[in-house]
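Heads up: the structure comes next, in structure tokens.
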Amino acid sequence: MEKLYEAEVTTLAGRNGHAKSSDGLLDLDVRFPKEMGGAGGATNPEQLFAAAWSACFGTSVSVAAGIEKVTIGEVTVTAKIGVLHDSGTFNLGAHLLVKINDVGYDTAKKLVEVAQSICSYSKATKGNINTLYDVVV
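If you want my numbering, it's the 1-based position in the sequence shown plus 871.
Structural data, given as structure tokens:
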């Protein structure tokens, strides 16, 4: 495969540190959320992952609409990423809520199914993260 783009981000001090991209556009503190015993007050890796996945999936829905030859309105994707803990191990769970304007539920459901095979985040996490996709009307 041909590499189209490569993001580069360096993080200092992990979850209680600072992340900065090589181009300087991302430059922010990272903290454990209060719900996990941290100080909060800054973003966390799960928020960054949710933002990236929801953005990618929204574009994938638009691509799916083109493939299916369906005209759609605005696409809104809310990604909820949960940190799960069981017997000393940590995992992630995901719930993507997808709203597609100007189409019915059945069409939206079909587009979400097609988008799962297009979105690089959905493909990368398939079988690794328990993920639920819901169409919001």
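For each residue, glycine too, the CB sits at the ideal point set by N, CA and C.
Checklist entry - Given that a residue counts as buried once 16 or more other Cβ atoms are within 10 Å of its Cβ, and exposed if not, what is Tyr876? => result As a first step, residue 876 is located in the sequence shown; it is residue number 5 there, counting from the start. That one is exposed.
Next on the checklist: Rounding to the nearest angstrom, what Cα-Cα distance links Gly953 and Lys981 in this structure?
Outcome noted: By 1-based counting over the sequence shown, the position of residue 953 is 82. By 1-based counting over the sequence shown, the position of residue 981 is 110. Answer to the nearest angstrom: the Cα atoms are 25 Å apart.
Checklist entry - Looking only at its own chain, which residues have a Cβ that is under 8 Å from the Cβ of Phe903, when we skip the five neighbours before and after it? => result Sequence index remark: in the sequence shown, residue 903 carries index 32 (1-based). Cβ contact annotation for Phe903 (same chain, cutoff 8 Å, sequence separation greater than five): Arg886, Asn887, Gly909, Ala910, Gly911, Asn915, in chain order.
Item to check | Nearest neighbour of Leu967, chosen from Ala995, Thr978, Val941, Val1007 [CA to CA] | outcome: Your numbering for residue 967 matches position 96 in the sequence shown. Minimum Cα distance to Leu967 is reached at Val1007.
Item to check | Stretch pair the stretch 961-976 + the stretch 992-1004: three plus CB contacts closer than 8 Å | outcome: Short answer: they touch.
Checklist entry - With distances taken from CA atoms, which of Lys874, Asp898, Asp894, Met872 is nearest Leu883? => result In the sequence shown, the residue the question calls residue 883 occupies position 12. The shortest Cα separation from Leu883 among Lys874, Asp898, Asp894, Met872 belongs to Asp898.
Checklist entry - If we call anything under 8 Å between Cβ atoms a contact, is Thr891 one with Val880? => result Position 20 of the sequence shown, counted from the start, is the residue given in the question as residue 891. Position 9 of the sequence shown, counted from the start, is the residue given in the question as residue 880. Looking at the sequence provided, one finds Lys at residue 891 rather than Thr. With respect to the 8 Å criterion, Lys891 and Val880 are classified as neighbours on the basis of their beta carbons.
Item to check | Same chain, Cβ closer than 7 Å to Tyr976, neighbours up to 5 away in sequence not counted | outcome: Position 105 of the sequence shown, counted from the first residue, corresponds to residue 976. Taken in chain order, the residues that qualify are Val1006, Val1008.
Checklist entry - Could you give the distance in angstroms between the alpha-carbon of Cys927 and the alpha-carbon of Ala936? => result The sequence position of residue 927 within the sequence shown is 56, counting from 1. The sequence position of residue 936 within the sequence shown is 65, counting from 1. If you take the alpha carbons of Cys927 and Ala936, they lie about 14 Å apart.
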